[in-house]
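Numbering (our numbering), first residue to last: 95 to 135. Yeah, the Cβ is synthetic: ideal placement off N, Cα and C, and Gly gets one too. Here the structure comes first, spelled out in structure tokens, and everything after it is commentary.
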């Protein structure tokens, strides 16, 4: 049985969170992302 890698990345719409989510996905992780718009949006 193979083990799947997964990660939850919060604040993943921009910046460090987005880069982290992309890197993990490129490395084979199943990535769950979370984003809540800010007051500026």
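Terminal residues of the alpha helix (DSSP H) in which residue i lies
i, result
"residue 108", "Neither: residue 108 is in no alpha helix (DSSP H) and is coded neither H nor E."
Nearest-angstrom Cβ-Cβ length linking residue i and residue j, presumed shorter than 8 Å
i, j, result
"residue 110", "residue 119", "15 Å between Cβ atoms; not a contact."
"residue 128", "residue 106", "6 Å"
Exposure label - residue i; buried when at least 16 CB within 10 Å
i, result
"residue 113", "exposed"
Contact with chain D by residue i, beta-carbon distance below 7 Å
i, result
"residue 114", "As a matter of chain content, chain D is missing from the structure shown, which is built from one protein chain."
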